[in-house]
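Asker:
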Amino acid sequence: MNKPITTLVRPTFEIDLSEKIISFDSSSSNIHGANIILVALYRKVLVLALDNSGEDDYSIDYKKIQEIPLSEVRILKLCSSIIVKDIIFAAAINYEIQIFSTNEENATCLKSIEAHDGYINSIDFTEDFLATGSDDHTCKVFSVQENYDQHCVLNFSAAVTSVKFNPEELNKLIIGVKNGNVFIFCLKLRQSLYSFETHAPLMCLDWSIKNPCFVAVLAVDQIFYYDVTKPDVPIYSKRLTDIGKVFKLHPQNPLVSAILCNRAGTELKVVHQKSTIPIFSSKICAYTGNVAWNGSYLITGSDRKMCFYKIPIS
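Per this note's numbering, residue 954 is the first one in the sequence shown, and the count goes up by one each step.
Okay, here's the thing in structure tokens:
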């Protein structure tokens, strides 16, 4: 079967940052009257506030809250709950994690953690815990309330590629390992609740915001969908036409996913589990390691631009 032709589709709206984008993260909810985007450039991190409440679908108002000198950031992650009045986020720099608090007046590094002996592949961050997964075959969890002291270390037989807290039960953590194993861990009990196997190499996973029992796992060119209350076999599976690099479930419809495909991660797709035809497909200029949903917009980075595609999902 021939692959569908993918062309370059112009974004609905874009922000030109005039420098190559290394990574980014976006808030899924309103913070201080705006949605927040963190963008890592080569030698700095930008904190941007977006306002897409206007009537014009082709423009978004934004302002720069802060510019933080910070080099070689590989991963950015906003805290899912904002502490006091500041924006809290974590930045992975090689084997290290730096925690920042920022507002319009200043930015402060709250903590620097020599977290791992290998590159950090994934971060998730709540008001209680920070979790990291690394090439050193460990997932580490740090307690926010105890000045980011180490809460526990979980050891695995391969690199940890993805970590994600349950959207409702924040003391539950799902961990994806490159060899295809998936573990669900209870931080309160400090023990694994259950595990199951998918395919290898496991690239990433996501926990549905709409249905917290619903987990999707991306392994090479397939997405597997699981009900974590009975995870012995996937409830759905979908084969892609190319290798998937990273994906994100739609917040309102967990059967819809945004995916960066091919080895260079330069093909952006939106797919529905029950359809063989992509909802949306476009080439992008350069892989920036993430995709994000923000209301009806799909966001990714493409070379020097943050790109926003308006994609209504029923």
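Note that beta-carbon positions come from the ideal geometry of N, C-alpha and C, so glycine has one too.
Since the structure is predicted, the reported quantities are computational estimates derived from the model, not experimental observations.
By Cβ distance below 7 Å, which residues in the same chain neighbour Pro1022 in space, the five residues on each side in sequence not counted?
Answerer: Start at 1 with the first residue of the sequence shown, and residue 1022 comes out as number 69. Excluding positions up to five away in sequence, the list reads Arg996 and Lys997.
Asker: Given a cut-off of 8 Å on the beta-carbon distance, is the pair Val1094 and Leu1142 in contact?
Answerer: The residue labelled residue 1094 in the question sits at position 141 within the sequence shown. The residue labelled residue 1142 in the question sits at position 189 within the sequence shown. Contact: no.
Asker: Exposed or buried, which one is Cys1157 when buried takes at least 16 other CB atoms within 10 Å?
Answerer: Against the sequence shown, residue 1157 aligns to sequence position 204. Buried, by the Cβ-count rule.
Asker: So His1152 is in the beta strand (DSSP E); what residue range does that whole segment cover?
Answerer: The residue you call residue 1152 lines up with position 199 of the sequence shown. Taken as a continuous stretch (DSSP letters only), His1152 belongs to no beta strand (DSSP E), as it is neither H nor E.
Asker: Is it a yes or a no for the segment 1113-1120 touching the segment 1147-1164, going by three-plus beta-carbon pairs under 8 Å?
Answerer: The segment 1113-1120, when compared against the segment 1147-1164, does touch it at the 8 Å Cβ threshold.
Asker: Residues in the same chain with beta-carbon distance under 6 Å from Leu1193, minus the five sequence neighbours each way, listed in chain order, please.
Answerer: Locating residue 1193 in the sequence shown gives position 240, where the first residue counts as 1. For Leu1193, where only same-chain residues beyond five positions count, the Cβ hits under 6 Å are Asp1174.
Asker: What residues in its chain sit with their C-beta under 7 Å from that of Leu1251, if we drop five residues either side in the sequence?
Answerer: To locate residue 1251, count along the sequence shown from 1; it is residue 298. Here the set comprises Ala1211, Val1223, Val1244, Tyr1262 and Ile1264.
Asker: Can you tell me whether Val1278 is buried or exposed? The criterion is at least 16 other CB atoms within 10 Å of its CB, across all chains shown.
Answerer: As shown, the chain starts at 954 and ends at 1267. That puts residue 1278 outside it, with no answer to give.
Asker: Which whole-angstrom value describes the C-beta separation of Asp1102 and Ser1096, a residue pair presumed to lie in contact below a C-beta threshold of 8 Å?
Answerer: In the sequence shown, the residue the question calls residue 1102 occupies position 149. In the sequence shown, the residue the question calls residue 1096 occupies position 143. Yes, they are in contact, since the Cβ atoms of Asp1102 and Ser1096 sit about 5 Å apart, within 8 Å.
Asker: To the nearest angstrom, report how far apart Ile1018 and Cys1092 are at their CA atoms.
Answerer: In the sequence shown, the residue the question calls residue 1018 occupies position 65. In the sequence shown, the residue the question calls residue 1092 occupies position 139. So the alpha carbons of these two residues sit roughly 32 Å apart.
Asker: Which residue comes first and which comes last in the beta strand (DSSP E) that contains Leu1003?
Answerer: Reading the sequence shown from its first residue, position 50 is the one you call residue 1003. Residues Lys997 to Asp1004.
Asker: Going by CA-CA distance only, name the one from Val962, Ile1040 and Lys1125 that's closest to Asn1059.
Answerer: The sequence position of residue 1059 within the sequence shown is 106, counting from 1. The shortest Cα separation from Asn1059 among Val962, Ile1040 and Lys1125 belongs to Ile1040.
Asker: Is Glu972 helix, strand or coil when you go by DSSP?
Answerer: Stepping through the sequence shown from its first residue, residue 972 is reached at position 19. Residue state, collapsed to three classes: coil.
Asker: In terms of DSSP beta bridges, what is Pro1167 paired with?
Answerer: For the purposes of this step, residue 1167 is taken as residue 214 along the sequence shown, with counting starting at 1. Here residue 1167 turns out to be Phe, not Pro, going by the sequence shown. Beta-bridge pairing links Phe1167 to Asp1180.
Asker: How many angstroms separate the CA atom of Leu999 from the CA atom of Ser1024?
Answerer: By one-based count along the sequence shown, residue 999 stands at place 46. By one-based count along the sequence shown, residue 1024 stands at place 71. Approximately 12 Å between the Cα atoms of the pair.
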